[in-house]
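In UniProt numbering, the protein residues as written are 1 to 186. Even glycine gets a Cβ: it sits at the ideal position worked out from N, Cα and C. Here is the structure we will look at.
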């Protein structure tokens, strides 16, 4: 006798020829979709819808059997967040925080300790970072920041080890000595 879970799986092939398994609950609702999108015989993509209507789509990019990226799609079908995963841990999240359909915020765990330590933000939607804050010593507090307030790609204000610096009206060159000599944000 087969279990209820096994009875509620439909195996099929999509239009691109990918093997797809659709899992259903006892009421007939889809609970999980798995797909082999690279044709190697192993599932590399899985999608599940959460209680709030968000669909999470996980993808194994390198074939090791573990998710490397997780896309968050809201109930309207808009991509709102993409997580980068290493060794089962989210190390970066790219978000559309203002709902315009374009990514504008990057939250990173640069030292891979399980805690976010850098946030970058594109406030004007031009695809370039305008603000960066970072926790450089792991204490959960902002240690450095840089802001490009005039949109030229160079930091206009900076704060961190060595002091804080105000407006760079020229948009080029350093602020003097120390860590702010190169004022390019990225």
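query: For residue 14 and residue 22, believed in contact at Cβ under 8 Å, the rounded distance; result: Between residue 14 and residue 22 the Cβ distance is about 10 Å, and since that is not below 8 Å, they are no contact.
query: Paired residues, beta bridge with residue 49 - DSSP; result: 55
query: Nearest-angstrom Cα separation, counted from residue 120 out to residue 85; result: 18 Å
query: C-alpha gap between residue 65 and residue 116, whole angstroms; result: 25 Å
query: CB contact flag (residue 103, residue 109, <8 Å); result: no
query: Whole-Å CB distance - residue 71 paired with residue 79, under 8 Å assumed; result: 6 Å
query: Every unbroken beta strand (DSSP E) within the stretch 61-92, with a cutoff of 3 residues, ordered by chain; result: 69-73 and 79-86
query: Strand pairing of residue 9, partner residues [DSSP]; result: 23
query: Which of helix, strand or coil DSSP assigns to residue 97; result: coil
query: Sequence-distant residues of the same chain with beta carbon closer than 6 Å to residue 34, five excluded per side; result: 21, 43 and 46
query: Start-to-end residues for the beta strand (DSSP E) that takes in residue 155; result: Note, residue 155: premise wrong, no beta strand (DSSP E); not H, not E.
query: Proximity below 8 Å, CB of residue 49 to CB of residue 74; result: no
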